[in-house]
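S.K.: This note's numbering puts the first residue of the sequence shown at 230, with every later residue one more than the last.
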Amino acid sequence: MSPGSPEGEPAAAGAGLPRRVVALGGGSGLPAVLRGLRRFATGGELSDLIAVVAMSDDGGSSGRLRRGRGLPPPGDVRNCLVALAEEEDLLSALFQHRYDGDGELGGHNLGNLILAALAEQTGSFLKAVEVSGLVLRIAGRILPVTTDDVTLTARLEDGSEICGESTIGSCRKPIRSVALHPATARPTPGVVEAIRGADLIVLGPGSLFTSVVPNLVVEEVAQALRGARGVRALVANLVSERGEAPGLTLESHLQVIEEHAGGRVVDVAIVHDGPVAADTLRRYHDEGSNLLAAAGPVLGGRPVVRRNLLADGDKLRHDPVATADALLEAWRTCRAASGALNRA
Numbered sequence: 230m231s232p233g234s235p236e237g238e239p240a241a242a243g244a245g246l247p248r249r250v251v252a253l254g255g256g257s258g259l260p261a262v263l264r265g266l267r268r269f270a271t272g273g274e275l276s277d278l279i280a281v282v283a284m285s286d287d288g289g290s291s292g293r294l295r296r297g298r299g300l301p302p303p304g305d306v307r308n309c310l311v312a313l314a315e316e317e318d319l320l321s322a323l324f325q326h327r328y329d330g331d332g333e334l335g336g337h338n339l340g341n342l343i344l345a346a347l348a349e350q351t352g353s354f355l356k357a358v359e360v361s362g363l364v365l366r367i368a369g370r371i372l373p374v375t376t377d378d379v380t381l382t383a384r385l386e387d388g389s390e391i392c393g394e395s396t397i398g399s400c401r402k403p404i405r406s407v408a409l410h411p412a413t414a415r416p417t418p419g420v421v422e423a424i425r426g427a428d429l430i431v432l433g434p435g436s437l438f439t440s441v442v443p444n445l446v447v448e449e450v451a452q453a454l455r456g457a458r459g460v461r462a463l464v465a466n467l468v469s470e471r472g473e474a475p476g477l478t479l480e481s482h483l484q485v486i487e488e489h490a491g492g493r494v495v496d497v498a499i500v501h502d503g504p505v506a507a508d509t510l511r512r513y514h515d516e517g518s519n520l521l522a523a524a525g526p527v528l529g530g531r532p533v534v535r536r537n538l539l540a541d542g543d544k545l546r547h548d549p550v551a552t553a554d555a556l557l558e559a560w561r562t563c564r565a566a567s568g569a570l571n572r573a
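(1) Closest to Thr562 by CA distance: which of Arg512, Leu445, Ile499 is it?
(2) Quick one: grab the DSSP three-state call for Ala414.
(3) Given this structure, state the Cα-to-Cα distance separating Leu520 from Ile404, to the nearest angstrom.
(4) Give me whichever residues DSSP pairs with Ala457 in a beta bridge.
(5) Taking 9 Å as the threshold (C-beta atoms), are Arg536 and His482 in contact?
(6) For the putative contact between His337 and Ser389, defined by C-beta atoms under 8 Å, what is the C-beta separation to the nearest angstrom?
(7) How would you label Arg370, buried or exposed, when you count the other beta carbons within 10 angstroms and need 16 or more for buried?
(8) Measure the alpha-carbon distance for Cys392 versus Gly245 and round it to whole angstroms.
(9) Comparing alpha-carbon positions, which option in Val311, Glu317, Met284 lies nearest Leu301?
(10) What is the DSSP secondary structure of Leu528, counted as helix, strand or coil?
(11) Taking its Cβ as the centre, do 16 or more other Cβ atoms sit within 10 Å of Glu516, making it buried, or is it exposed?
(12) Glu386: buried (16+ other C-beta within 10 angstroms of its C-beta) or exposed?
(13) Can you give the Cα-Cα distance for Leu263 and Val497, rounded to whole angstroms?
(14) Please give the ranges of any alpha helix (DSSP H) in the segment 319 to 407, keeping only runs that are unbroken, at least 4 residues long and fully inside the region.
(15) Quick check: the Cα distance between Arg458 and Asp305, rounded to an integer number of angstroms?
(16) Closest to Ala465 by CA distance: which of Ser436, Leu365, Arg493, Gly476 is it?
(17) Quick check on the DSSP output: what are the complete beta strand (DSSP E) runs of length 3 or more inside the segment 491 to 545, in order along the chain?
(18) Between the segment 420 to 434 and the segment 394 to 401, can you find at least three pairs of beta-carbon atoms closer than 8 Å?
(19) By alpha-carbon positions, which one of Pro303, Thr439, Leu381, Val442 ends up nearest to Lys356?
(20) What's the C-alpha gap between Leu319 and Gly492?
(21) Contact defined as beta carbons within less than 8 Å: I believe Ala451 pairs with Ile367. What is the distance between those atoms, to the nearest angstrom?
(22) In the structure shown, what three-state DSSP assignment does Gly273 receive?
(23) Hey, how far is the Cα of Val281 from the Cα of Pro247?
(24) Between the alpha carbons of Asp541 and Thr376, how many angstroms are there, rounded?
(25) Tell me which residue opens and which closes the alpha helix (DSSP H) that Leu313 is part of.
Structure representation (structure tokens):
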């Protein structure tokens, strides 16, 4: 079914904005998308903004809390809470505070510890996330893709296997595929329903094999994405990843995503198109990363929306406002195209 067909009519068909948005990912990419869309949720233009967060992190503070307290990894959830918080500038300093030193608290983020304490007090990690969202007055909802205790595994091109998100993220060998163990991991209640009811579904940006794909290898999530009626937009990464995905083109990224999802899950791609300082490009190239760009107006047969997505600073990061504006343009473009097809 094409996006925006009569059976799947989005709630904001005539309003110029989607009403229900679901963004899937992890790491630093998902919070950038949420920051950009937050103003529309706060202003009431969006009736529902939902972050679906990958839950396979096993490094740093999150990994220690998983191993020591049996807690789902809270780090990416914490970052999304801060991104959607009404008073982000005030709260980010508190929730993102990291203790120094090598002691028991050394390396822990305060926000992770708060989530851990709330989970133990309420008996539920989901309840801890919900309570934190109420306290921080977030403009949306956050759902872990799964609360099952999962491990990310990877099969490399040489046939060997490695386990653990942090190991995969730093792997220097080409990756053939990733999977969750156990493969029977179930989605968190509400995730599948959110995807099915969304007008706009966002994938990326973020580390391909450790932030984006881990959401897609939860089978019921992939199935919901394949059959989704909303517009499915891929926010392309700015550069290739020197660890887990070196040398992959944007076309390769799309292929990897849809191979893991078991079919087509992208309707439109959003790609950076703008100047990058020569010294910044040189530094990234020396580190093993290269700028990603689409060769033409389509990517794997999907239309491409080109915009300057680059945030200020010497690191290549997505600007939240520019990314959100490009997403809304992509949604309108796909809606207009599907409307023309329906009238033909």
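For every residue, glycine included, the Cβ atom is placed at its ideal position computed from N, Cα and C. As the structure is a computational prediction, the values presented were derived from the model and not from experiment.
M.R.: Looking at the atomic coordinates:
(1) Measuring from the Cα of Thr562, the nearest candidate turns out to be Ile499.
(2) coil
(3) Computed Cα separation, rounded: 20 Å.
(4) According to DSSP, Ala457 bridges with nothing at all.
(5) no
(6) With 8 Å as the limit, His337 and Ser389 do not qualify as a contact, their Cβ atoms being about 33 Å apart.
(7) buried
(8) Rounded to whole angstroms, Cys392 to Gly245 spans 44 Å at the Cα level.
(9) Looking at the sequence itself, residue 301 is Pro, so the reference to Leu does not match. Check the Cα spacing between Pro301 and each of Val311, Glu317, Met284: the tightest is with Met284.
(10) strand
(11) exposed
(12) Classification of Glu386: exposed, given that the 10 Å Cβ count is below 16.
(13) So the two alpha carbons sit approximately 19 Å from each other.
(14) Counting whole runs of 4 or more residues, the segment 319 to 407 contains the alpha helix (DSSP H) stretches 339 to 351, 354 to 365, 394 to 398.
(15) 27 Å
(16) If we check each option's Cα against that of Ala465, Ser436 comes out closest.
(17) 497 to 501, 531 to 536
(18) no
(19) Pro303
(20) Straight-line spacing of the CA atoms in Leu319 and Gly492 works out to 42 Å.
(21) Not confirmed; about 27 Å, so no contact.
(22) coil
(23) 17 Å
(24) 36 Å
(25) Unbroken alpha helix (DSSP H) run through Leu313: 304 to 313.
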